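Below: the structure, in C-alpha coordinates.
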Amino acid sequence: MDLSTIFHDTMYVGFSASTSLLASSHYIMGWSFKMNGPALTLDLSSLQQLPGPKKKQTFMIIWVSVIALSLSKSA
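In terms of my numbering, the sequence shown is numbered consecutively and its last residue is 77.
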(Lines of atoms letter the chains of each structure in order from A; the text may use other names.)
(Lines give C-alpha, C1' and ligand atoms only; values in the text may rest on other atoms or scores of the structure.)
Protein backbone atom coordinates (compact mmCIF):
# COMPACT_ATOMS: atom_id res chain seq x y z
CA MET A 3 0.00 0.00 0.00
CA ASP A 4 1.55 3.28 -1.07
CA LEU A 5 0.87 5.95 1.54
CA SER A 6 3.52 8.39 0.30
CA THR A 7 0.89 11.00 -0.59
CA ILE A 8 -0.32 11.00 3.02
CA PHE A 9 2.99 10.99 4.91
CA HIS A 10 5.13 14.09 5.41
CA ASP A 11 8.94 14.25 5.64
CA THR A 12 8.76 14.23 9.44
CA MET A 13 6.05 12.33 11.27
CA TYR A 14 5.69 10.45 14.53
CA VAL A 15 4.15 7.12 15.38
CA GLY A 16 2.47 6.44 18.69
CA PHE A 17 0.81 3.46 20.25
CA SER A 18 -2.00 3.40 22.73
CA ALA A 19 -3.70 0.59 24.63
CA SER A 20 -6.28 0.41 27.36
CA THR A 21 -7.83 -2.15 29.67
CA SER A 22 -10.22 0.19 31.48
CA LEU A 23 -9.64 -0.08 35.24
CA LEU A 24 -7.50 -3.21 35.06
CA ALA A 25 -3.72 -3.10 35.12
CA SER A 26 -2.06 -4.65 32.10
CA SER A 27 1.09 -4.56 29.98
CA HIS A 28 1.20 -4.21 26.22
CA TYR A 29 4.32 -5.07 24.24
CA ILE A 30 5.45 -4.30 20.71
CA MET A 31 7.90 -7.10 20.09
CA GLY A 32 8.75 -6.25 16.49
CA TRP A 33 8.43 -3.43 14.01
CA SER A 34 9.44 -3.15 10.38
CA PHE A 35 9.31 0.12 8.46
CA LYS A 36 11.07 1.54 5.44
CA MET A 37 10.61 4.77 3.55
CA ASN A 38 10.50 4.61 -0.23
CA GLY A 39 10.04 0.89 -0.55
CA PRO A 40 8.68 -2.24 1.02
CA ALA A 41 9.54 -2.92 4.66
CA LEU A 42 11.71 -5.90 5.47
CA THR A 43 9.91 -9.03 6.58
CA LEU A 44 10.18 -9.68 10.31
CA ASP A 45 11.87 -12.91 11.34
CA LEU A 46 9.47 -13.89 14.12
CA SER A 47 11.86 -16.53 15.45
CA SER A 48 14.47 -13.83 16.22
CA LEU A 49 12.14 -11.68 18.32
CA GLN A 50 12.47 -11.67 22.09
CA GLN A 51 10.08 -13.77 24.12
CA LEU A 52 7.31 -12.06 26.03
CA PRO A 53 8.31 -11.25 29.60
CA GLY A 54 6.87 -13.49 32.27
CA PRO A 55 4.10 -12.34 34.57
CA LYS A 56 5.09 -9.64 37.03
CA LYS A 57 5.17 -10.49 40.70
CA LYS A 58 2.47 -8.82 42.71
CA GLN A 59 3.84 -5.85 44.52
CA THR A 60 3.62 -5.92 48.29
CA PHE A 61 2.69 -2.23 48.35
CA MET A 62 -0.39 -2.83 46.20
CA ILE A 63 -1.54 -5.76 48.35
CA ILE A 64 -1.20 -3.70 51.53
CA TRP A 65 -2.95 -0.69 49.96
CA VAL A 66 -5.92 -2.75 48.75
CA SER A 67 -6.16 -4.45 52.16
CA VAL A 68 -6.22 -1.10 53.98
CA ILE A 69 -8.95 0.24 51.67
CA ALA A 70 -11.03 -2.92 52.02
CA LEU A 71 -10.69 -2.83 55.82
CA SER A 72 -11.64 0.87 55.91
CA LEU A 73 -14.70 0.27 53.75
CA SER A 74 -15.83 -2.69 55.84
CA LYS A 75 -15.58 -0.66 59.09
CA SER A 76 -17.52 2.27 57.64
CA ALA A 77 -20.40 0.08 56.43
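Note that CB positions come from ideal geometry on N, CA and C, so glycine has one too. All of these numbers come straight from a predicted model, not from anything done at the bench.
Item	Value
Element boundaries [alpha helix (DSSP H), containing residue 33]	From DSSP, residue 33 is part of no alpha helix (DSSP H); its letter is neither H nor E.
Cβ-Cβ separation, residue 31 to residue 50 (assumed contact under 8 Å), whole Å	6 Å
Proximity of residue 41 and residue 34 at Cβ, strictly below 7 Å	yes
Near the ligand COA: residue 38 beta-carbon under 6 Å from a heavy atom	The ligand COA is not part of this structure, which contains no ligands at all.
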